[in-house]
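J.: Sequence order for the protein chains is A and B. Residue numbering for the first sequence follows this note's numbering, beginning at 18 and increasing consecutively. Residue numbering for the second sequence follows this note's numbering, beginning at 333 and increasing consecutively. Here a beta-carbon is modelled for each residue, glycine too, at the ideal position from N, C-alpha and C. These numbers come from a predicted model, not from an experiment. The structure's right below; bear with me while I get my questions together.
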Amino acid sequence: MKKIILLGVIITTILLAGCVKILNDELKSKETKLVLNAAISPDSMYTVNVSHTFNIFEDESENNLPFIDSAAVQLFEDGSFVSNLQNTGAGYYINPSFFPQTGKEYKVEVSYGSYPSIESTASIPKVVPIKNFDTLTIQTTDEYEGNHLQFVGNLTYDDPPGEANFYQLSCRIIYVDFNGETHEYEQYIRPTEKNQRFFDGYSIDGLLWSDKLTDGKEVSFEFIYFDSYEYGKKAILYQEQGQFIFYFKSISKAYYTYLKSMHVYSESGGSDNPFSEPVVIYSNVKNGYGIMGGYNQDTTSIKLILFSDGEGGVQ
Amino acid sequence: MKKVLLAVLASLLFMVGVQAQKHTITGFVSDVSNGEKLLSANVYNSKTYKGCVTNNYGFYSLTQPEGKISIKYSFVGYQPVTLTLNLLSDTTINIELTPTIELEEIEVKASGIQQQLESSQMSVTELPIQTIKKLPVFFGEVDIMKTIQLLPGVQSGNEGTSGIYVRGGGSDENLILLDGVPVYNANHLFGFFSVFNADALNSVTLVKGGFPARYGGRLSSVLDIRMKEGNTKKFQVQGTIGLIASKLTLEGPVVKDKSSFIISARRTYIDVLSYPIQLMANKMQGNSGRFYGGYYFYDLNGKINWKFSDKSRLYLSAYMGNDKAYANNKYESTDYKNSSKFKLRWGNITTALRWNYIFNKKLFVNFRTSYSRYNFLVGEKDDNSTPDLHEKLEFEYFSGIDDLAASADFDFIPATNHYIRFGVSNIYHTFNPGVNAFSYNNQEGGDNTLVDTTFGNNKINANEIDAYVEDDFSIGNYIKFNLGIHASGFYVKNTFYKSFQPRAALRVIASEKLSLKASYATMAQYVHLLTNTSIGLPTDLWVPVTDTIKPMRSQQVAIGSVYNLNDMFEISLEGYYKWLYDVISYKPGSSYLTANNDWQEMITVGNGWSYGVELLIRKDLGKLTGWIGYTLSWSWRKFEEVSPDKFPYHYDRRHDISIVATYKLSDKVDFGATWVFGTGAAITLPYDKYIALGDYTGFIGSGGSHGMDPYINYVDNVQERNNYRTPNYHRLDLGVNFHKKKKWGERTWSVGLYNAYFRQNYFFIFVDYDYDHYNGTGQPEKVLKQVSLFPGMPYISYSFKF
């Protein structure tokens, strides 16, 4: 019997035998490149962020952030030079007095040291107004641990006919607590069971979709707000200044493509998940990486109240 | 296309011509020692060298002019036999050849080399089972798939696994036939062993290109495996006891020279051996918890045949194999009981009933009905109870494919210079692409919650029909063609796909020692395999083409030559170019783990192409036998949704070398050695990363004007698919067999070492921290780590035969 056990131990050891070794490959990037990121809208001064790629093995702690603060960043509008953007630290470059406009094309050129110069263009689509916004079935639920706020929202808009349109709907809450401190949090919203296929993705960035099936039509859909971290309930608690803001963005095609690839990337778990297929993040930056996207938004905000029985209503 | 078909038929009939004053010799060629039919044995006129080879049932038909002739029968590893006869009428001659211990060079002229020279077919390799058995093996288990991997043009999958990738094709593009019935999953133990038990097999033939019209349904290769028929002369037992598994084969006559059978079984026993260890561990743990887990696989092969007459024979063959992994956990305390059971099971069943009938001296027919099933099941049961509550949860996921098939295949041999094959077949597929069954029962106090539901993909029924005609014919003494057409249709969900696939092969005898060959083949495939590309998990999901996912197609051209060097070495050189259309891949970000849901949404369609040169130097006779194979190849893929540029296929392997040798020192001792080298696999690794615009407002980090918490969103920068080459693969395996005749029969001890010089080959690569080295900021350095399996695995097995 002992021999059998010994044999079993040997076989198990053999089966499980494996070894890990460190490869000396350095995975040297072909070239370190500049990265440009910006999402421009008429509501904000022109702001971009400049950084550089860095090796997968490099330290990514706060001591080694790859922002570049001494690059030459030039802004052009419809081909005409506007200004150099001023650095404000942490890789940000702004023109505090310049707000981009709908229907114009903006180009940003960045050069820095021996890096290949990069450029990207973006334009801002027209705003698509919210036609109607409703909230339904406001309630608290203990579906998951805790006591969370949940409601169904309904958005209606008219899709402009004859053009490709891309949209994003996101939610944020803002409240001021009793100490006078302002809090802002992005909030998750998600499709309902029935209309999941309508959307190309949803995340903390909101719902993402295009008009490929709804060109020129009045579009109305429902979505679900779920208060995962119970910030929504705090917003109700501080109801004088607490509000839910919904941002209905009309976004450029490049921005949409980028957000879609980012959604796929985050859903797949990136390179931390060995079983998923690799994802290439979309970029519209020539000779570099990143995105310069344009958006135009209509917003609506609501204030909610909760009754003692767990049901709620709009204030 | 109909016109093309008619033209081919008309030309075939024309070329048949009228034969005058000729008679036909028909019969079977078999092994004298056990009655096993010899497939692809040579039968030819020893003066004109014109002849034929036996078909898959050992049958031949040779038409010769009237008068005195000499007919030679030969087969590799057997003493050739020459018969001189005065041919005055049609006659039947059944020949039994005697296996040789060692052949003198003079006797081997008309061996396998000559057959390769003569044959119009190219890109074909036949592997004798005896050769396969002599080679060093993994864990002592003879595995034909691992031997196939040693052939040029065939890439292996991950370390230790049995998958094959032929000329840049995918693992699902191989038609693996066991007695003519497709086997959908050829893997045991997560791909480390194949399902084929060598003791039950008669022949193994791999076709990589130049596919004759009789084959269809897969793009890249046909692996035609034939089971033994069973010893018709005497009852025989053979078996092997190995480290992992043991097997036993019984065969013998049911009615001598009329009927025989073979039954072969194999089972692993690590579950049995590990049970006492687990028992001890549970006892040592000392608490009220109990855990038992295990894994085993088994397979059974059986075949029986009945010879009604010289013209009529019936075969019934069956294969059944299953793998099962399980884990059972129990916990009991005074106020709480828990029992959980997990199981993972997958397996194949194939059965075939065949009837061979010789209608007349020139027409041989094989009718076949078959059933094939592959299924996969994963299940979990959980039972919790307290004094107040009783909760039961059951979950099962299962998928699979069932095939019911019928076929008729005809061999028509109107003259020595024509061998016409034609036939039809129909397969009724039932796909079960992933069904979940869930039940939940909760009894708490007086309440009873009950959920019992089934959800997932619906069954899909499909019908596949095939027809073919081909003629292997000679023009003069030097030129031989194999022309044919394979037509197929697939009906699924009110959509009918059809395909006409012309096939052509040409052989020109350039000299007594050299023949030149060329071929063209198109293929179509109506089933796809959704599988992970890295690990051989059994979650493979076979799915049909749909109204949106088209059939895969391929075209392949090849040219080559066969040279007979000193009647000892076969030197074969081939170049090929293959195009693959509408092949599938997972979309970026998709994972096979979630492929069961809306699988069509997760795949993307693209094209591929591969090209290369293959060299094979093979020696089948003498004390030293074996081969050297070298492949230089490129394999590319292009999927618009994956990458704007072409990228190398995961199994793209620039150089692939195999050296295989067996040496017979004496009747008591023989050695085997294999050495393989392959360029590393192409995998995707991000070389760098960057900050992405990812947060809500479009700003990044603490410098943003929105005053939100600092948040850096890094993304891995993967700009090219399969941009990294894993380290080159190489491995040496050594083995030795000690044979001894005993009073009761013969025994063999086999010992050896897999991966003899302990090479750590790639199995999996990932980025991780090296906690032995820290950078300037006190963080552990990031490095690339490689996981390897099976460094230097010894094996020993004991075989017996009586």
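1. Answer yes or no: do Gly-223(A) and Ser-245(A) have a C-beta to C-beta separation smaller than 7 Å?
2. Which class does Lys-694(B) belong to by DSSP, given the choice of helix, strand or coil?
3. Which word fits Trp-1137(B), buried or exposed, when buried means at least 16 other C-beta atoms lie within 10 angstroms of its C-beta?
4. Determine the closest residue to Arg-1079(B) out of Asp-1100(B), Pro-1059(B), Lys-1000(B) and Leu-521(B), with distance taken between C-alpha atoms.
5. In chain order, what residues of the region 1045–1060 of chain B put their CB closer than 8 Å to some CB of chain A?
6. To the nearest angstrom, how far is the alpha carbon of Ser-68(A) from that of Tyr-264(A)?
7. State the DSSP-derived secondary structure class of Ile-476(B), mapped to helix, strand or coil.
8. How many whole angstroms separate the CB atoms of Tyr-326(B) and Pro-883(B), which I take to be in contact at a CB cut-off of 8 Å?
9. Is it true that the region 1085–1095 of chain B meets the region 1060–1069 of chain B, where meeting means three or more beta-carbon pairs spaced less than 8 Å apart?
10. If Val-1135(B) sits next to Ile-427(B), beta carbons under 8 Å apart, how far is it from one beta carbon to the other, in whole angstroms?
11. For Ser-665(B), count neighbouring C-beta atoms within 10 Å of its own C-beta (all shown protein chains included) and say buried if the count is 16 or more, exposed if not.
12. Would you call Asn-196(A) buried or exposed, if buried means 16 or more other Cβ atoms sit within 10 Å of its Cβ?
13. Does Ile-1023(B) have its Cβ less than 7 Å from a Cβ in chain A?
14. Hey, Ala-532(B) and Lys-560(B): beta-carbon distance below 7 Å or not?
15. Is Ile-1032(B) buried or exposed, if buried means 16 or more other CB atoms sit within 10 Å of its CB?
16. Pick from Leu-947(B), Glu-973(B), Phe-901(B) and Tyr-913(B): whose alpha carbon is nearest that of Ile-935(B)?
17. With DSSP as the reference, identify every bridge partner of Gln-568(B), one or two as the case may be.
18. Less than 6 Å between C-beta atoms, sequence neighbours within five positions excluded: which residues of the same chain meet that for Asn-104(A)?
19. Alpha carbon to alpha carbon, how far is Asn-790(B) from Gln-204(A)? Give it in angstroms, no decimals.
20. Quick one: what's got a C-beta closer than 7 Å to Leu-897(B)'s C-beta in the same chain, skipping five residues either side?
21. Verify whether the separation of the beta carbon atoms of Trp-226(A) and Phe-240(A) is less than 7 Å.
22. Would Lys-38(A) pass as an interface residue toward chain B - the criterion being a Cβ-Cβ separation below 7 Å?
23. Determine the direct distance from the alpha carbon of Phe-116(A) to that of Ser-1037(B), and round the result to whole angstroms.
24. Ser-1131(B): buried (16+ other C-beta within 10 angstroms of its C-beta) or exposed?
25. Does the beta-carbon of Tyr-184(A) have 16 or more other beta-carbons within 10 angstroms, so that it is buried, or is it exposed?
26. So Asn-614(B) is in the alpha helix (DSSP H); what residue range does that whole segment cover?
27. In or out: Thr-1076(B) buried (at least 16 other Cβ within 10 Å) or exposed?
28. Confirm, please, whether the CB-CB distance from Lys-673(B) to Asn-688(B) is below 7 Å.
29. Taking Ser-134(A) as the reference, which of Val-302(A), Tyr-312(A), Ile-319(A) and Ser-114(A) has the closest Cα?
30. So is Asp-1020(B) in contact with chain A if we call contact Cβ pairs under 7 Å?
31. Kindly indicate which residue of Val-877(B), Ser-1120(B) and Asn-774(B) has the alpha-carbon position closest to the one of Tyr-1061(B).
32. So which residues on chain B does Thr-70(A) lean against when the C-beta distance must stay under 8 Å?
33. Taking the runs of the beta strand (DSSP E) that are 3 residues or longer, which of them lie wholly in the region 480–521 of chain B?
34. Mapping DSSP to helix, strand and coil, what is Trp-1076(B)?
35. Just the C-alpha distance for Pro-178(A) and Leu-230(A), rounded to the nearest angstrom, thanks.
36. According to the neighbour-count rule (16 or more other Cβ atoms, all chains shown, within 10 Å of its Cβ), is Leu-420(B) buried or exposed?
T.: According to the structure shown:
1. no
2. coil
3. The question about residue 1137(B) has no answer, for chain B in this structure spans 333 to 1134.
4. Lys-1000(B)
5. Tyr-1046, Val-1047, Asp-1048, Asn-1049, Val-1050, Gln-1051, Arg-1053, Tyr-1056 and Pro-1059
6. 28 Å
7. helix
8. Residue 326(B) is absent from the structure shown; chain B starts at 333 and stops at 1134.
9. yes
10. Within the shown structure, residues of chain B are numbered from 333 to 1134, placing residue 1135(B) beyond reach of any answer.
11. exposed
12. exposed
13. yes
14. yes
15. With a pLDDT of only 44 at Ile-1032(B), under 50, the local geometry of the prediction cannot be trusted, and the value read off the model is given with reservation. With 16 or more other Cβ atoms within 10 Å, it is buried.
16. Glu-973(B)
17. Glu-583(B)
18. Asp-86 and Tyr-110
19. 36 Å
20. Ile-903
21. no
22. yes
23. With a pLDDT of 34 at Ser-1037(B), under the threshold of 50, the predicted position of this residue should be treated as unreliable, though the coordinate-derived value follows. Approximately 15 Å between the Cα atoms of the pair.
24. buried
25. buried
26. 602–617
27. One detail in the question is off: residue 1076(B) reads as Trp in this sequence, not Thr. It counts as exposed.
28. no
29. Val-302(A)
30. yes
31. Ser-1120(B)
32. Asp-1020, Lys-1021, Tyr-1022 and Asn-1049
33. 486–488, 496–498 and 506–510
34. coil
35. 12 Å
36. exposed
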